[in-house]
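Peer 1: Residue numbers (the working numbering): 337 to 415. No residue lacks a Cβ here, since even glycine has one placed at the ideal position from N, Cα and C. As the structure is a computational prediction, the values presented were derived from the model and not from experiment. Submitted below is the structure of interest, expressed as structure tokens.
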């Protein structure tokens, strides 16, 4: 998953889901609109997990490059 936003400007995100064999399963391009980089990253995680849930993947490995979002997801308080 990866998102892009510069300050509070138009943002988008995308990602891809691969099967356990590493083959591409589905892409995920999303035009979010106006928001911060942090919200963009949270949005992409949410949409990626929803897609995996809807396709009933039994296990999910999430790869993101935002330390702030990782810390948010690990916190007991959540978002």
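Using a Cβ-Cβ cutoff of less than 7 Å, which residues in the same chain neighbour residue 404 once the five nearest sequence positions on both sides are dropped?
Peer 2: As a first step, residue 404 is located in the chain shown; it is residue number 68 there, counting from the start. These residues qualify, in order along the chain: 374.
Peer 1: According to DSSP, is residue 378 part of a helix, a strand, or is it coil?
Peer 2: Your numbering for residue 378 matches position 42 in the chain shown. Helix, per DSSP.
Peer 1: In chain order, what residues of the same chain have a beta carbon less than 6 Å from the beta carbon of residue 337, not counting five sequence neighbours either side?
Peer 2: Counting from one through the chain shown, the residue named residue 337 turns up at place 1. With a pLDDT of 48 at residue 337, under the threshold of 50, the modelled position of that residue is not reliable, and the figure given next carries that caveat. Within the same chain, residue 337 has close Cβ partners 351, 380, 384 and 400.
Peer 1: Which residue comes first and which comes last in the alpha helix (DSSP H) that contains residue 451?
Peer 2: Since the displayed the chain opens at 337 and closes at 415, residue 451 lies outside it and no answer follows.
Peer 1: Express the C-alpha separation of residue 410 and residue 354 in angstroms, rounding to a whole number.
Peer 2: Reading the chain shown from its first residue, position 18 is the one you call residue 354. Reading the chain shown from its first residue, position 74 is the one you call residue 410. Spanning the two alpha carbons is a distance of roughly 23 Å.
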